[in-house]
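Participant: Below is a structure I'd like to ask you about.
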């Protein structure tokens, strides 16, 4: 795990808890930071933190703001909607970047994000992963809550991992649901919450006793796309009748960990940080 | 394509158009048949055809009925819900079969269906594919409607085919949606209609211009699990903003073909029966 570098940190904020957690940690540690949110996605919690709201189309203005704040490094944190770019609003830097960004957008999430990282690096900013600032985000192998996976759940988790590995070359698939050896759902662009809602709706409760398996994509650049679960994930898994949730150890974040573990304990679900050996990787 | 054998045909009827089309064809040709529907899934069209309603738990009674009607062959046609078996209702043959059937159900669709086929064969019935009775169900390679796929759509279809091939060993995945190189959705247990509804709901119309790719699973036993599209598929693809639908030539049925093609023509979608070379198989 890379250490957090000194200097002012630019927090490029998407949705979900992660950017807020990093901002709060920086504040608690008395270390400088600036949160960058995007027009249309600026949330109330920002008011308590030094922040600026920018537009995707005006990266020139964004880079200038980061420099003005003395940022040497940035962290991409939280879910970013794929922006609908409005080229007519672009600033000078934006016009030069629209071509590469649109090309990267077409090729998939990893491609888009590594394209964005290269752009920031070319502007002289280091790009660091969120786990450098919140090292407790990911977990070593082990059972996180009160309930442990049984043999069928372990086999389902391993099968899910094989399916995700097979999809790796296509830059798709961070989560699957496997129940008693049968793959019932695969996440592509819709997100884990939508996958789980679909499992809850499956006609004859065939998902009952299944396992949600969530892993990093092979070759995924974890500096800015850490897969994550949180309390909502566990609640949705419980509603789908699943036996538990298996996450790849050291690679998938547990957001709001104490609430997440408590939710799993209460619902009777296991929450398992599975090592490479258990997942057959 | 196997020819249709002589003698009375048992049509084991699931949902969708297929069993009805086979029954109507048999009637039009003046050849004998008996439709078997299952309790809870018997539909009004059955009334116009010789039929019996049976229970999954009473295969002994079902086999006796097929023999009484002189059936030498059966065809599995239409979508079958995975039954919730009620062992306490089982007849003698049923009790003996519950173990193997439950085991096959746990291992996936192909496994369940080939398990069922083996059971019918062991009882002395031949199992024949629906395309033996309706040879026009599948299509040779070619564009079926008025609109042809452009280069991006052809590339998307090939990428979709690669993804489905990668999933083949896991007995999952008959359809995917790929848009501008990016995989947006993968069908597992939810069915193609639910996949397409999800594409229509994707926040920022990212599915626009994408392609629905539907293929047989590698190694799929096509005698009783022909993947199919129909008018509803095309309408749902149009609602998702897709550019068209690519199906594997010779392997995916087009149900109610004239209506399906007309729907595609009207909506401006291509309907492409893609050969193995075009799909990179």
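Protein chains in written order, with this note's numbering: chain B, 769 to 1049; chain W, 769 to 1049.
Think of the CB as a built atom: it goes at the ideal place given N, C-alpha and C, for glycine as much as any other residue.
At a CB-CB cut-off below 8 Å, which residues of chain W make contact with residue 831(B)?
Facilitator: Correct list: empty, because the minimum Cβ distance to chain W is about 25 Å.
Participant: Name the two residues that bound the continuous alpha helix (DSSP H) containing residue 933(B).
Facilitator: 919-935
Participant: Cβ of residue 907(W) within 9 Å of Cβ of residue 1035(W)?
Facilitator: Residue 907(W) is not a Cβ neighbour of residue 1035(W), given a cutoff of 9 Å.
Participant: Which parts of the segment 769-797 of chain W are runs of the beta strand (DSSP E), unbroken and 3 residues or longer, counting only runs that do not cross its ends?
Facilitator: 776-781
Participant: Give the secondary structure of residue 910(W) by DSSP, where H, G and I count as helix, E and B as strand, and everything else as coil.
Facilitator: strand
Participant: Just the Cα atoms here: how many angstroms apart are residue 1038(W) and residue 836(B)?
Facilitator: 52 Å
Participant: State the beta-bridge partners of residue 802(B) as determined by DSSP.
Facilitator: 778(B)
Participant: Measuring CB atoms only, is the segment 995-1014 of chain W touching the segment 1022-1030 of chain W, in the sense that at least three cross pairs come out at less than 8 Å?
Facilitator: yes
Participant: Out of 808(B), 824(B) and 832(B), which has the shortest C-alpha to C-alpha gap to residue 802(B)?
Facilitator: 832(B)
Participant: Any C-beta of chain B sitting closer than 9 Å to the C-beta of residue 941(W)?
Facilitator: yes
Participant: Which residue comes first and which comes last in the beta strand (DSSP E) that contains residue 820(B)?
Facilitator: First-last of the beta strand (DSSP E) with residue 820(B): 819-822.
Participant: Do residue 1002(B) and residue 944(B) have their beta-carbon atoms positioned less than 9 Å apart in this structure?
Facilitator: no
Participant: Using 9 Å as the limit for Cβ to Cβ distance, is residue 1035(W) near chain B?
Facilitator: no
Participant: Are the segment 912-924 of chain B and the segment 915-925 of chain W touching, with three or more C-beta to C-beta distances below 8 Å?
Facilitator: no
Participant: Start and end of the beta strand (DSSP E) containing residue 896(W)?
Facilitator: First-last for residue 896(W): undefined, no H or E at that position.
Participant: Quick one: list the residues of chain W neighbouring residue 952(B), beta-carbon separation under 9 Å, in chain order.
Facilitator: 940, 956, 957 and 958
Participant: Hey, does residue 812(B) have any beta-carbon neighbour from chain W nearer than 9 Å?
Facilitator: no
Participant: Does the beta carbon of residue 931(W) sit closer than 9 Å to a beta carbon anywhere in chain B?
Facilitator: yes
Participant: Compute the distance between the beta-carbons of residue 985(W) and residue 1043(W), then report whether it is under 9 Å.
Facilitator: no
Participant: Around the Cβ of residue 827(B), are there at least 16 other Cβ atoms within 10 angstroms (buried) or fewer (exposed)?
Facilitator: Around the beta carbon of residue 827(B), a 10 Å sphere encloses 16 or more other beta carbons of the protein chains shown; the residue is thus reported as buried.
Participant: Helix, strand or coil: which one does DSSP assign to residue 1027(B)?
Facilitator: helix
Participant: Any Cβ of chain W within less than 9 Å of the Cβ of residue 927(B)?
Facilitator: yes
Participant: Using a C-beta cutoff of 9 Å, does residue 803(W) count as contacting chain B?
Facilitator: By this cut-off, residue 803(W) is not an interface position.
Participant: Does the beta carbon of residue 898(W) sit closer than 9 Å to a beta carbon anywhere in chain B?
Facilitator: no
Participant: Listing by chain order, which chain W residues have their CB less than 7 Å from the CB of residue 1022(B)?
Facilitator: Those within 7 Å of residue 1022(B) in chain W number zero; the least Cβ separation is about 25 Å.
Participant: Candidates 900(B), 933(B), 964(B) and 947(B): which alpha carbon is nearest residue 774(B)'s?
Facilitator: 900(B)
Participant: Distance check for residue 988(B) and residue 947(B), CA to CA, integer angstroms please.
Facilitator: The straight-line gap from Cα to Cα measures roughly 26 Å.
Participant: Under 9 Å, do residue 965(W) and residue 1047(W) count as touching if we go by C-beta distance?
Facilitator: no
Participant: With a threshold of 6 Å on Cβ separation, who are the neighbours of residue 817(B) within its own chain once the five nearest residues in sequence on each side are excluded?
Facilitator: 791 and 803
Participant: From residue 779(W) to residue 844(W), what distance separates their C-alpha atoms?
Facilitator: Distance between the alpha carbons of residue 779(W) and residue 844(W): 6 Å.
Participant: What would DSSP say about residue 1016(B), mapped onto helix, strand or coil?
Facilitator: strand
Participant: Going by C-alpha to C-alpha distance, which of 1031(B), 846(B) and 976(B) sits closest to residue 787(B)?
Facilitator: 846(B)
Participant: Can you tell me whether DSSP reads residue 847(B) as helix, strand or coil?
Facilitator: strand
Participant: 9 Å is my cut-off, CB to CB: does residue 854(W) come that close to chain B?
Facilitator: no
Participant: Starting from residue 965(W), trace the alpha helix (DSSP H) in both directions and tell me its first and last residue.
Facilitator: Following the DSSP letters along the chain, one finds residue 965(W) inside the alpha helix (DSSP H) bounded by residues 960-969.
Participant: Mark residue 856(B) as exposed unless 16 or more other C-beta atoms lie within 10 angstroms of its C-beta, in which case mark it buried.
Facilitator: exposed
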